[in-house]
Amino acid sequence: MSTGKWEKKILSSIESPLEKVIKDQKLNNLIKKIKFSKMIGKTITITPREIQYVRKQFAKAVRNGERRLHTLTVSLLEQFLPGKPFGITLIVVGRCPKCKGITKTKKDFGADFNEIFKNTEEQLSQKYAPGCFNCNVQTPSIANFLKYWPLDRQNEKILWISTRVKANTNLCYKITDIVLDVTYMFKVDKIYNQYSHTLKDMYGIKIIAENRATIMNVRDEILKRQDLSCIEEKNYLGKYKKKSGFEAYKMVMFYDDQYFEIQIQTEDMYERELLNAKTSHTTYKEKQQFLRKHFGEEYNSFYKKLCLLFTNENPDQSDNEAIFFGP
């Protein structure tokens, strides 16, 4: 078998980490080639034209994905809260670059969806990023979500629904972990299956149920829908809860040609998650960074190049420069 045929055969067997969330074949083929170049220790050049294509298609995919996320969320609200008016609030969490303090801000959109449809969540989080009261500076967003809540809440199965889109930086971290095979180090307290090497949680929905018994009722009602297909389920309730104390019922659903992660929790579970979030998040991130240091500069270099490929956040990088991925 010639080298060209051998490479094509191996390349055809490789999955793009993004193929579950972004359908553009050309973009996914480029990611597969980057992954393949790491496998065989060969440098691959991504041309300026290819870079612009990836950025354009990525931005388009995110915008379309967010619209589907909003449409599905409204559909779920209409399913569980028929005829109930609801409002939308943006919550942005930031970390001060100086004092490292955590702060947050809220922007109430009411029932006006115009600004939500005109901007991505990433753009909204930048626009409404909170300021640090101690240092008097605007803080970079580390998390943000939209909260959909009924204006009149009385004896309902669900209390509210929130949505989130994985930030570009987190997305690039996940892709780097997969390409460099760091993911096997994070199997502790996780349920792995055949989708572990592809992203399917870029778009997330959290449903807050009235009580613990209602969680499975909500799950059953969702599974009855003809427009949703269940790809996988993970039970983190009761004796199956994570060591951190996190409890939820998770599902990956396929809707309108897009994958979504749905979590169902009670309000108590959600409040405990928020209470423990800072400590557990910090501990987990420290563990991630410690393990990633095993790869040294290789990891950091690959991650930075991925960030440049998807969104040019480096003012020193010219639009006419190629990006080189190699050993």
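Each residue of the sequence shown is one higher than the one before, starting from 1 at the first, in full-length UniProt numbering. Cβ atoms here follow ideal geometry from the backbone N, Cα and C, with glycine treated the same way.
Checklist line | Local conformation of Ile-14 per DSSP, three classes | finding: For Ile-14, the secondary structure class from DSSP, reduced to helix, strand or coil, is coil.
Notebook entry, point to check: What residue from Phe-324, Lys-5, Glu-271 and Leu-308 has the CA that sits closest to Val-54's CA?
Noted result: Of all alpha-carbon atoms in Phe-324, Lys-5, Glu-271 and Leu-308, the one lying nearest the alpha-carbon of Val-54 is that of Leu-308.
Notebook entry, point to check: What span of residues does the beta strand (DSSP E) with Ala-322 cover, start to end?
Noted result: No beta strand (DSSP E) contains Ala-322, which DSSP labels as neither H nor E.
Note to self: Quick check on the DSSP output: what are the complete beta strand (DSSP E) runs of length 3 or more inside the region 119 to 161, in order along the chain?
What the structure shows: Runs of the beta strand (DSSP E) lying entirely within the region 119 to 161, each at least 3 residues long, are 141 to 150 in chain order.
Next item on the list: Return the CA-CA distance between Lys-157 and Leu-81, expressed in angstroms with no decimal places.
Entry: Approximately 8 Å, taken between the alpha carbons.
Check: Does the beta-carbon of Phe-310 have 16 or more other beta-carbons within 10 angstroms, so that it is buried, or is it exposed?
Finding: Phe-310 sits buried, since 16 or more C-beta atoms from the chains shown fall within 10 Å of its C-beta.
Notebook entry, point to check: Does the beta-carbon of Arg-49 have 16 or more other beta-carbons within 10 angstroms, so that it is buried, or is it exposed?
Noted result: Arg-49 counts as exposed, since fewer than 16 other beta carbons sit within 10 angstroms of its beta carbon.
Notebook entry, point to check: Pairing CB atoms from the region 163 to 178 with CB atoms from the region 217 to 229, are three or more of them under 8 Å?
Noted result: As far as the Cβ criterion goes, the region 163 to 178 does not touch the region 217 to 229, which means the pair count is below three.
Item checked: Other residues of its chain near Ile-46: CB distance less than 8 Å, five sequence neighbours each side excluded -> Listed in chain order, the non-local C-beta contacts of Ile-46 below 8 Å within the same chain comprise Leu-30, Ile-34, Val-54, Leu-309, Ala-322, Ile-323, Phe-324 and Phe-325, local neighbours out to five positions each way being set aside.
Note to self: Which same chain residues end up closer than 8 Å to Ser-13 when comparing Cβ atoms and leaving out the 5 residues on each side of it in sequence?
What the structure shows: Excluding sequence positions up to five before and after Ser-13, its CB lies less than 8 Å from no other CB in the same chain.
Item checked: the region 201 to 210 contacting the region 58 to 76, beta-carbon criterion three pairs below 8 Å -> These segments touch.
Check: When you compare only the Cα positions, how much space is there between Asn-211 and Val-93?
Finding: Their Cα atoms are separated by approximately 27 Å.
Notebook entry, point to check: Do three or more CB pairs link the region 138 to 146 to the region 107 to 126 at distances below 8 Å?
Noted result: Yes, they touch.
Next item on the list: Would you identify the three-state DSSP class for Val-165, choosing helix, strand or coil?
Entry: If DSSP states are grouped into helix, strand and coil, Val-165 belongs with the strands.
Check: Cβ of Gln-258 within 8 Å of Cβ of Arg-68?
Finding: Result yes, Cβ atoms of Gln-258 and Arg-68 sit closer than 8 Å.
Check: For Pro-17, does the count of other Cβ atoms within 10 angstroms reach 16, so buried, or fall short, so exposed?
Finding: The residue in question, Pro-17, is buried, as its Cβ has 16 or more Cβ neighbours within 10 Å.
Item checked: Inter-stretch contact (C-beta, 8 Å, three-pair minimum) for the region 223 to 234 and the region 248 to 267 -> Three or more pairs of CB atoms, one per stretch, sit closer than 8 Å, so the region 223 to 234 contacts the region 248 to 267.
Margin query: Do Val-165 and Glu-66 have their beta-carbon atoms positioned less than 8 Å apart in this structure?
Written below: The answer is yes: Cβ separation under 8 Å.
Note to self: How far does the alpha helix (DSSP H) with Lys-104 in it extend, from its first residue to its last?
What the structure shows: From DSSP, Lys-104 is part of no alpha helix (DSSP H) but of the beta strand (DSSP E) over 102 to 110.
Next item on the list: Could you name the residues of the same chain whose beta carbon sits closer than 6 Å to that of Ala-61, not counting the 5 residues immediately before and after it, in chain order?
Entry: Non-local beta-carbon contacts of Ala-61 in its own chain, meaning distances under 6 Å to residues more than five positions away in sequence, involve Ile-22 in chain order.
Check: Applying the criterion that 16 or more other CB atoms from any shown protein chain within 10 Å of the CB defines a buried residue, is Glu-267 buried or exposed?
Finding: Result: exposed.
Next item on the list: Please report how far the alpha carbon of Lys-9 lies from the alpha carbon of Thr-139, in whole angstroms.
Entry: Using only the alpha carbons, I get a separation of about 47 Å.
Next item on the list: My understanding is that Asp-108 touches Thr-89, with C-beta atoms under 8 Å, so please give their C-beta distance in whole angstroms.
Entry: About 5 Å separates the two Cβ atoms, so the contact holds.
Checklist line | Top-ranked residue by Cα proximity to Leu-11, from Lys-20, Gln-25, Leu-171 and Lys-32 | finding: When each option's Cα is compared against that of Leu-11, the closest is Lys-32.
Check: Taking just the CA atoms, how far does Ile-40 sit from Asn-134?
Finding: The alpha-carbon of Asn-134 is positioned some 50 Å away from that of Ile-40.
Note to self: Relative to the C-alpha of Asp-181, which candidate in Glu-298, Trp-6 and Ser-141 has its C-alpha closest?
What the structure shows: Residue Glu-298 is the option with its Cα nearest to Asp-181.
Item checked: Candidates Leu-306, Ile-231 and Leu-237: closest to Lys-20 by CA position -> The option with the nearest alpha carbon to Lys-20 is Ile-231.
Check: Given a threshold of 16 other Cβ atoms within 10 Å of its Cβ, counted over all protein chains shown, does Ser-229 qualify as buried or as exposed?
Finding: Ser-229 is exposed by the Cβ-count criterion.
Item checked: Closer than 8 Å to chain B by CB, Tyr-240 -> Absent from the structure is chain B; it holds one protein chain and no more.
Check: Enumerated in chain order, which unbroken segments of the beta strand (DSSP E) with a length of 3 residues or greater are wholly contained in the region 10 to 66?
Finding: Here the runs fully enclosed are 44 to 46.
Check: Where does Pro-327 land, buried or exposed, given buried means 16+ other C-beta within 10 angstroms?
Finding: When all chains shown are included, Pro-327 counts as exposed.
Check: On the three-state DSSP scale, how would you describe Gly-83?
Finding: The answer is coil: DSSP assigns Gly-83 none of H, G, I, E or B.
Next item on the list: Report buried or exposed for residue 328, applying the criterion of at least 16 other Cβ atoms within 10 angstroms of its Cβ.
Entry: Within the shown structure, residues of the chain are numbered from 1 to 327, placing residue 328 beyond reach of any answer.
Margin query: Is the beta carbon of Glu-221 closer than 8 Å to that of Leu-237?
Written below: Here Leu-237 is not near Glu-221, since their CB atoms are 8 Å or more apart.
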